[in-house]
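In UniProt numbering, the protein residues as written are 1 to 224.
Using N, Cα and C, we set each Cβ at its ideal position, and we do this for glycine too.
Note that the coordinates shown come from a computational prediction; the quantities given were computed from them, not determined experimentally.
Below is one structure, written out as structure tokens, with a few remarks after it.
Listed below in structure tokens is the structure:
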């Protein structure tokens, strides 16, 4: 899954956008199925606002101001309401979400971000280990430099990125145990913020990193 397109390594937006594009492809390869409900709502809000503006312009052009005047104010109000809802949805509901999906090992939602002039990829990951009905959702914050999976001349290397994600996110590590690497988990400056306690997902991931067999889990171990 290596990217063959060279990007500008000094462009933070190119680094982030390329990584954002690769992340869903990796999760799809692990049989995660993407959930598009939030994207669908964003598109409905955006297209509805554009449709109102376009319709008002068309009828004003075809029929003239005198005919369309009574409809102009309500249309403008509706446009601003929809556009405000669209902006709110992007900033306060999606909040930088680049992927939301579900697989055999659980549900996952990833929101990515970067800080100005700092080439570090940061993700807020909310996951629910399977079965979702009996496990609470948890949230972790993970971060790593782009240099971990980009070469100095701007090419993306898939393996280090896959290892980083599998080593930090329990539901991804459970789906791809061969990419769980202990050293990555220890050295990635990961900050974990758990919303709840009592769930064993993090413990299972730590066992995968060390090559131990999780209780009731697979006997596959980390590759040497």
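When DSSP reads this structure, residue 106 sits in a beta bridge with 103, 129. For residue 21, the number of other beta carbons within 10 angstroms of its own is below 16, and it is reported as exposed.
In the three-state reduction of the DSSP assignment, residue 10 falls in the coil class.
By the beta-carbon neighbour count (other beta carbons within 10 angstroms, threshold 16), residue 149 is buried. Secondary structure at residue 140: strand, using DSSP grouped into helix, strand and coil. For the pair residue 162 and residue 136, the Cα-to-Cα distance works out to about 25 Å. Looking at the backbone, the Cα of residue 72 and that of residue 46 are separated by about 19 Å. Residue range 65-88 is occupied by the alpha helix (DSSP H) that includes residue 65. By the 16-neighbour rule on beta-carbons within 10 angstroms, residue 34 is exposed. For residue 144, the closest of 43, 111, 122, 55 by C-alpha to C-alpha distance is 122. According to the DSSP assignment, residue 168 belongs to the alpha helix (DSSP H) that extends over 158-168.
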